[in-house]
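Trainee:
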Amino acid sequence: MVKIADLSEGQEITASVGPMTRDAIKEYGKASKDTNAIHMSDTAAVLSKLKGVIQHGMLSYAHVMVYLDDWIADSGNLTKITCEMRGMVRPGDMLDMKFEITEISGKTVKMDWAQYSMTPIEITKDGKEIVSFEAKERDWITEKDVNRDLVKEKDLDGAFTWLKTTWDEEGFPDGKYEEEVQEYTGGGTLKYRYRLSLKGTVEFQLND
């Protein structure tokens, strides 16, 4: 249960979810009736020069809403939220959500929030490539990403969860695929892109 006494201005709350999958993107498209081909078909997305499907912005936003709903739960009510869409999210991306409390007035809490997509590129160890991710295979990382210092590296300590996508003989983008979430535990250095996908503000009222 969330209580005013446990919160303070400047406090940060973080959460992560993922990896995103093609299957989830398609399921959302059908459920929401947003079946724009750039979300539902790699073939169409490639023809649109996107190099593969992208996730609905509203699906990325839904992950924020689900987290807030679970976090607040029966402790109060969400009264206002805003959202700006900034960057594309791809299959295989992890989503990091960051919330900062900006104001507490009585039982009203206001926060700024941002969501970042973490797109894995490759894992190397002792100078050798161990795992190559779809972002590298499909050339999803641009020179602009590099120039904006969005491409990062970090040492892996513990398990790294990632999405393995296997294509049939016809291959990408026209073939059929299978997705499997796996864990890599061999250590090494992860190269990845870290980019803002969404940002906004939120306001909620707590009971206590």
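Just so you know, we're using the numbering used here here: the sequence shown kicks off at 34 and counts up by one. Quick reminder that beta carbons are idealized off the backbone N, C-alpha and C, glycines included.
1) For the candidate residues MET73, LYS131, VAL86 and GLY109, whose alpha-carbon lies nearest to that of TYR94?
2) Report buried or exposed for GLU167, applying the criterion of at least 16 other Cβ atoms within 10 angstroms of its Cβ.
3) When we look at the beta-carbon of LYS209 and count the other beta-carbons within 10 Å, is it buried (16 or more) or exposed?
4) In this structure, does DSSP put ILE174 in helix, strand or coil?
5) With a threshold of 8 Å, are at least 3 pairs of Cβ atoms found where one atom belongs to the stretch 190 to 209 and the other to the stretch 229 to 241?
6) Please determine if the stretch 56 to 76 and the stretch 136 to 151 are in contact, where contact requires at least 3 C-beta pairs separated by less than 8 Å.
7) Starting from the Cα of ILE174, find the closest Cα among ASN110, LEU128, SER150 and GLY191 and give me that residue.
8) Please decide whether ARG119 counts as near chain C, where near means a Cβ-Cβ distance under 7 Å.
9) So, at 6 Å on beta carbons, what are the nonlocal neighbours of GLU45 in its own chain, with the 5 sequence-adjacent residues on each side left out?
10) Give me the Cα-Cα distance between THR194 and SER165, rounded to the nearest whole angstrom.
11) When you compare each of ASP188, ALA77 and GLU211 to ILE156 by their alpha carbons, which one comes out closest?
Mentor: Taking the definition as stated:
1) LYS131
2) buried
3) exposed
4) coil
5) no
6) A contact between stretches requires three or more CB pairs, one per stretch, nearer than 8 Å, and the stretch 56 to 76 fails this requirement with the stretch 136 to 151.
7) SER150
8) Among the protein chains of the structure shown there is no chain C, as only one such chain exists.
9) Answer for GLU45: GLU133, listed in chain order.
10) 14 Å
11) For ILE156, the closest alpha carbon among the candidates ASP188, ALA77 and GLU211 is that of ASP188.
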